[in-house]
Ligand SMILES: Nc1nc2c(ncn2[C@@H]2O[C@H](COP(=O)(O)OP(=O)(O)OP(=O)(O)O)[C@@H](O)[C@H]2O)c(=O)[nH]1
Ligand SMILES: [Mg+2]
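Residue numbers (our numbering): 11 to 655.
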């Protein structure tokens, strides 16, 4: 049986979970379709999802169609949960991108489209909700052509759109249109098309399948998931156009963990896709980052909340593996997978967590630690001196959901501080920093670093300019390994980025150097280099699209100016304005709510992370130093030495 790992992706509320439920019904996996509105679907099974009617976690569902087993992943659409989508993308063979026929292409649709493009994932488009009043099929198709791809092939036509009696039927000119599309990338069909020669149906089908697999063609379907219209055709098209998994069981192991969760009785589950090789119960698995090996104790396959023991995951399949306590979401096991990851989610806010009862701080910290393994972007930071747990978050909905999850899963009551924006810092100029760590004995490590600024978006680069005979590679490597932790806080308390560090000098002693001395010395040299260079504060920016009634334009522009926004000339059309603006996150955090109430819920506000920019002087804020400062030299040496023992 062939396997296909299929993602259902879309902006929030487009109908992904409803589509998933319909596909499960059609394949006979369930007897009755559940409803998001009643909290009875297979893939929105968490309590918080059922109560709120939104998806929070990527959820698996298994269905069979002919001799293809479809392993489906229903992803969340809300931007706060983009991390889930990002990890799911790494394991897909194909995707259905859902667009609402009323709301059309949204900012989130564009983000997803670009990610699918970057990852080379074949896509089938579904224009959903054709039963809703206000649906605009030609408009949405045109938008998709403009903003996604001109190579669209509508497979169907719709009758009675915008009404409950809508139905879909095969497009009348399908064959002609399909041939014209295929002629653009298939030379043989191009000749046949020009010479008006007949083409075997199987030949055309193959060309369409190949074209979809190579992203030269994007079939478009229509439907109403709520009414169950067009869903059979969608299932048939998924099997007809999208590729199945390839890979061999006897090849070296390569697997990607796209999700981690914790089962109260079974422990940690690593949901993973095997790209090549095969995983069996009781196999020993190499963990990433040189953590050694761990043994698989059980293997299950999930559909919604239901699981069956399978004992093995063959190449190309998805399953949940137990027994790997050291694993984190996003980990790669064995060789690197063919697709890698595409960074989508960027947490821009930071909060401190407080237990309602101070006695519960250890339990809360442990719970947040577990959740942070499931979503590494939360990046739990525990500050021992002040006993504070801090988290990175994407938005306020995520925070509300976290609060509920902590209560439901762990029976703990948690409160969060108001989110503060995560600034970053970058060196203002090139400078050197040195640490000569020779006391208190026994120790011997000298580190000299050069720091240089790099362009925005470069991240951190490390290079060594010294030879093995000056400092053994082993110790040079310790310097490199120390950098990420040492750069978590610069002079102003924020993570340092867009900088190059070059190791320009170093010394060890063949008797006195303790194996971990370079881990102690490097953070000191780093901080000294940063003090010498001085640092500039960077702030996160978003690109925002606003649309509302024309008479509000003046007020919106005044608001944008007050928020330090930069904006393009507004476009006026049929009594509405549309405006694109670039805004600092720090000034615009609450603006979506203000804008919604100003426009009585009718305005459109879509935002997308743009990147970090220099913060104007006097704006932004420093963060207090967390933990021991390497520049507080004696204290640091004591602290680092005991921490590393
Ligand atoms: N009228 C109409 N409503 C639909 C259709 N499909 C879904 N809905 C409704 O749209 C809302 C959102 O549906 P979901 O299936 O939860 O959408 P989703 O894309 O999974 O949402 P998130 O996962 O939270 O992003 C629910 O109220 C559904 O009943 C449709 O074809 N027509
Ligand atoms: Mg959903």
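Backbone N, C-alpha and C fix where the C-beta goes; we use that ideal spot for every residue, glycine too.
One alpha carbon belongs to residue 321, the other to residue 12, and they sit about 19 Å apart. The beta carbons of residue 283 and residue 295 sit about 14 Å from each other, so the pair does not count as a contact at 8 Å.
Residue pairing by DSSP places residue 392 opposite 399 in a beta bridge. For residue 305, the three-state secondary structure derived from DSSP is strand. The alpha-carbon of residue 371 is positioned some 6 Å away from that of residue 365. Contact annotation: residue 528 and residue 459 have beta-carbon atoms that are not nearer than 8 Å.
The three-state reading of DSSP puts residue 520 in coil, since its state is none of H, G, I, E or B.
Distance from the C-beta of residue 26 to the nearest heavy atom of ligand 2 is below 7 Å.
With respect to residue 349, residue 530 sits apart: the two C-beta atoms are not nearer than 8 Å.
Taking non-hydrogen atoms of ligand 2 into account, the C-beta of residue 206 is found less than 7 Å away from none of them. For residue 427, the CB stays at least 7 Å from every heavy atom of ligand 1. If the five residues before and after residue 324 are omitted, its C-beta is found closer than 6 Å to the C-beta atoms of 259, 288, all from its own chain and listed in chain order. For residue 530, there is no enclosing beta strand (DSSP E); the enclosing alpha helix (DSSP H) has its first and last residue at 527-543. With contact defined as three or more Cβ pairs closer than 8 Å, the stretch 221-230 and the stretch 113-121 are not in contact. The alpha-carbon of residue 86 is positioned some 9 Å away from that of residue 54.
Residue 307 counts as exposed, since fewer than 16 other C-beta atoms from the protein chains shown sit within 10 angstroms of its C-beta. Relative to ligand 1, residue 274 has its C-beta separated by 7 Å or more from all heavy atoms.
Annotation: the stretch 60-98 contains the following complete segments of the beta strand (DSSP E) (minimum length 3 residues), in chain order: 69-75, 78-84. Runs of the beta strand (DSSP E) lying entirely within the stretch 154-214 and spanning at least 3 residues, in chain order: 162-164, 166-169, 177-180.
When DSSP states are grouped into helix, strand and coil, residue 351 belongs to the coil group. Taking residue 23 as reference, the option from 108, 80, 34 with the minimal CA-CA separation is 108.
In this structure, the alpha-carbon of residue 502 lies about 23 Å from that of residue 513. The beta carbons of residue 476 and residue 550 sit no closer together than 8 Å. With a cut-off of 7 Å, the C-beta of residue 65 is classified as near ligand 2, since at least one heavy atom of the ligand falls inside that distance. Counting C-beta pairs closer than 8 Å gives three or more between the stretch 72-87 and the stretch 244-263, which meets the contact rule. Remark: C-beta atoms of residue 473 and residue 121 do not approach each other more closely than 8 Å.
Around residue 315, the same chain offers 55 as residues with beta carbons nearer than 7 Å, after the five sequence neighbours per side are excluded. Within 10 angstroms of the beta-carbon of residue 212 lie fewer than 16 other beta-carbons, which makes it exposed. Proximity of the stretch 442-454 to the stretch 486-499 falls short of the contact definition, fewer than three beta-carbon pairs being nearer than 8 Å. Rounded to whole angstroms, residue 390 and residue 543 show a C-alpha spacing of 29 Å. Under the three-state reduction of DSSP, residue 456 is assigned to strand. Residue pairing for residue 617: DSSP places it in a beta bridge opposite 554.
The beta carbon of residue 254 sits closer than 7 Å to those of 12, 13, 14, 78, 103, all from its chain and outside the five residues before and after it, given in chain order.
Per DSSP, reduced to three states, the secondary structure at residue 253 is coil, with no helix or strand assignment. When the alpha-carbon of residue 592 is set against those of 28, 354, 616, 603, the nearest one is in 616. Annotation: residue 31 to residue 581 spans about 40 Å, alpha carbon to alpha carbon.
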